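Residue numbers (the numbering used here): 11 to 617. Notes for the one structure printed next.
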Amino acid sequence: MQPKYKGLSKLKKVIWLYSKYQIITKGLLSIIIFPFSKFILNYLITSSGRTNISSGDYLKFIFSFQGVGALIMWLLLLILLTGIDINAFIIMSALINEGKVQMTARSMVLVAIKSLKSFLRPSGIFIMLYIAIVIPVIGIGITISPMERFQIPNFITSVIFANRLYSAIYYTLVIALFILSIRNIFLFHYVLILGDSIKEGSKNSCNLIKRHLKDFLIDFILRFLAIAGTFVLVSIIIMVLLILPYELKIFTLTQSRIFSVFVMLFAYELTAFLTLMTVPLLCNTLTNLFYKYNRKDNIEIKLKLNINTEEINKKAKAKSRAGQIVVLILIIISLVIDTLTAYLIGTNFDEIYKVPPKLAIVAHRAGGDLAAENSLAGLKAAIEKKADWSEIDVQRTKDNKYIINHDNTFKRLTGVNKPSYKMTMEEISKLRIKDTFNSTRPSQKVATLEEFLDTAKGKIGLFIELKGRTANTKMADDVITMVKNRNMENEVVLLSLNYKLIKYIKSNYPEIKTGYIYFFSIGKTQKMIADVLIMEEAEASSDKLNIIKEAGKESYVWTVNSDSSISKFILEDIDGLITDHLDKVIEAIKERDNRMDWEIILDDILS
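Listed below in structure tokens is the structure:
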């Protein structure tokens, strides 16, 4: 007979079980599975004659033999992660609900892999893709750990929210997906616990939610508030512990720094642990509700998956005490390491936390929000604000002139629904650009590249993006000729989303600095030939930035507009950022350079 556990005793057993399982599985993933997958992926990329694949040249790879292999590997990894991250925790939660608290983490890994057979069909693959990509975006339901922070890139959402029709479509889609997720919230439970097919599980989940929707919403909101309240309380305690030594002056400055670093290290480890528990506790909560609602309907739920719980129980009892002793020893070692680290950082604080190197500020589309986009007025405003660079978009006209415009047509800014290559310079000169940031400011004329070069010379650098349908080798040749005629080689960087065009410029004009713009890159990004790598903010992880820096290349991030993004990237080790909001960035940098010690420590740990 399995012993009965209640209250704190049961909670302790459950947390211990989840912790063991997460440590073992995440250890296997990080030490074996992810490195092996990365090795295979890099092999597939290099065997196709590349160093990496990125947003500017991925299509040819995807439709190659190696690309198909990479997609199959990614799908297999997704299936494995679903089994390890979701299936296992639902099955464990079901066993716990049936009073079988003792179990080994190793046996649960095997059970999780065994459970995958229920999803090895087209509908199952679709469900896995849904939970990996859609669930994190809408924020309701269970997802796999590596995808918890997946979201739609800011450059896409900014376009969506700037257009009423796109916004309406977006919110309609999100609401529809939200409802779909709620209706199928117990799909995995019916498939894994009762052995239903995916179609039957979806139908039964919809019916269960329909009968208990009110109860579900109340239960879920109450649990969410309890979790949120716990995080708020912990955050308040941490903030008090950080600030108090400085305000009360109960320690010397060095002692206060040591204490603050120790508090933040402990808080970081606690947060990491709570994050590790997010998926298992969510699975546990939903499984408890699944059993609760079925009992209300007088339906007795019993796990149908064939698991030898008696054998598992014997092994678990033998290993439980020894395992807890090991964890206790590890906690003591961790506290000792935290203390030594805090002492070393606290006593060398000024050397470790030096003033960050100068961060180059790039005004997006000429002057960001200081004037109409891609206008001379914007460029002049950026110069006045002492921005380091101005980023502009170049297109060719019907009569082979070069003008500054971002979109495929002039419709959004001037009301004329024609592209530059179908209009002459004379026609374009009559257009006026409206100021989308401030409608009270006067409209501006469409400027030429020559006007931008002449205005910028000696005052500000230019990031010139070769843009649109006319961005080809002729454009590159012509723009470089203009730059050389003005002796501005050191004041200009030529940018493109097209990697082939970057290769052409580097091959034919090695003296011209190039910048490659990309949304994502997989493989050896640091081996790309561009001098400056300009990445979308979701791509700019600390690990990738460090690799780029070690390769001697410059890293820039675009388009850093939100308050949270600005706060994040002014602390990162990047060479510069592209923004629409120069004033916000300038002010944020001033605040960064005048932080209190505890704020520096907090920002460092959080970043």
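Note that beta-carbon positions come from the ideal geometry of N, C-alpha and C, so glycine has one too. Treat the numbers as computed from the prediction; the structure is a model and nothing was measured.
Cβ separation of residue i and residue j, assumed to be a contact under 8 Å, to the nearest whole Å
i           : j           : result
residue 475 : residue 505 : 4 Å
residue 533 : residue 61  : 6 Å
residue 380 : residue 592 : 6 Å
residue 444 : residue 423 : 6 Å
residue 107 : residue 125 : Not quite, the Cβ-Cβ distance comes to about 17 Å (not below 8 Å), so this is no contact.
residue 188 : residue 150 : 6 Å
residue 587 : residue 371 : 7 Å
residue 199 : residue 129 : Not confirmed; about 13 Å, so no contact.
residue 256 : residue 485 : Not confirmed; about 57 Å, so no contact.
Close-in-space but distant-in-sequence residues of the same chain around residue i (CB under 8 Å, 5 per side omitted)
i           : result
residue 375 : 383, 384, 388, 401, 402, 403, 416 and 590
residue 604 : none
residue 148 : 184, 187, 188 and 191
residue 11  : Because residue 11 carries a pLDDT of 40, less than 50, the predicted location of this residue cannot be relied on, and the following value inherits that uncertainty. Nothing listed; no residue qualifies.
residue 92  : 126, 129, 138, 141, 142 and 154
residue 467 : 496, 498 and 501
residue 298 : 103 and 107
residue 483 : 511 and 514
Spatial distance of residue i from residue j (CA atoms)
i           : j           : result
residue 469 : residue 502 : 12 Å
residue 185 : residue 176 : 14 Å
residue 181 : residue 264 : 51 Å
residue 434 : residue 420 : 13 Å
residue 465 : residue 414 : 14 Å
residue 312 : residue 535 : 50 Å
residue 63  : residue 537 : 11 Å
residue 84  : residue 121 : 22 Å
residue 353 : residue 46  : 37 Å
residue 390 : residue 248 : 46 Å
residue 81  : residue 280 : 36 Å
residue 428 : residue 405 : 13 Å
residue 287 : residue 438 : 59 Å
residue 608 : residue 548 : 27 Å
residue 13  : residue 22  : With a pLDDT of 46 at residue 13, under the threshold of 50, the modelled position of that residue is not reliable, and no figure is offered here.
residue 30  : residue 337 : 9 Å
residue 179 : residue 163 : 17 Å
residue 568 : residue 600 : 20 Å
residue 69  : residue 554 : 23 Å
residue 267 : residue 602 : 18 Å
residue 230 : residue 386 : 54 Å
residue 221 : residue 236 : 25 Å
residue 15  : residue 315 : Below a pLDDT of 50, predicted positions are generally treated as unreliable, and residue 15, at 48, falls in that range; the measurement from the model is reported next regardless. Near 23 Å, if we compare the C-alpha coordinates of residue 315 and residue 15.
Cβ-based neighbour list, residue i, same chain, cut-off 6 Å, excluding 5 preceding and 5 following
i           : result
residue 99  : 290 and 293
residue 487 : none
residue 564 : 542 and 585
residue 409 : 434 and 435
residue 507 : 66 and 527
residue 196 : 215, 218 and 300
residue 95  : 154, 155 and 289
residue 550 : 567
residue 454 : 382, 385, 387 and 443
residue 160 : 146
residue 26  : none
Close beta carbons around residue i, own chain, < 7 Å, minus the five adjacent residues each side
i           : result
residue 499 : 493, 521 and 522
residue 276 : 348
residue 516 : 524 and 539
residue 432 : 408
residue 193 : 215, 216 and 219
residue 165 : 546 and 569
residue 272 : 348, 349 and 352
residue 28  : 287 and 290
Below-8 Å beta-carbon distance, residue i vs any chain D residue
i           : result
residue 125 : Chain labels in this structure do not include chain D; a single protein chain is all it has.
Opposing strand residues paired with residue i [DSSP bridges]
i           : result
residue 401 : 473
residue 503 : 473 and 523
residue 564 : 542
residue 406 : 412
residue 207 : Beta-bridge pairing links residue 207 to no other residue.
residue 533 : 62
residue 239 : DSSP, once it has assigned bridges, lists no residue as partnering residue 239.
residue 370 : 586
Contact the region 359-368 vs the region 567-578: 3+ CB pairs below 8 Å: no
Cβ pair count under 8 Å reaching 3, the region 605-614 against the region 396-406: no
Inter-stretch contact (C-beta, 8 Å, three-pair minimum) for the region 247-256 and the region 591-598: no
Touching by the beta-carbon criterion (3+ pairs, under 8 Å), the region 19-34 and the region 106-116: yes
Validate contact between the region 519-529 and the region 541-548 using beta carbons, cut 8 Å, 3 pairs: yes
contact_flag[the region 344-354, the region 556-571] where n(CB pairs < 8 Å) is 3 or more: no
Three-pair Cβ contact test at 8 Å for the region 41-53 versus the region 137-149: no
Cβ contact check for the region 233-243 and the region 189-208: 3 or more pairs under 8 Å: no
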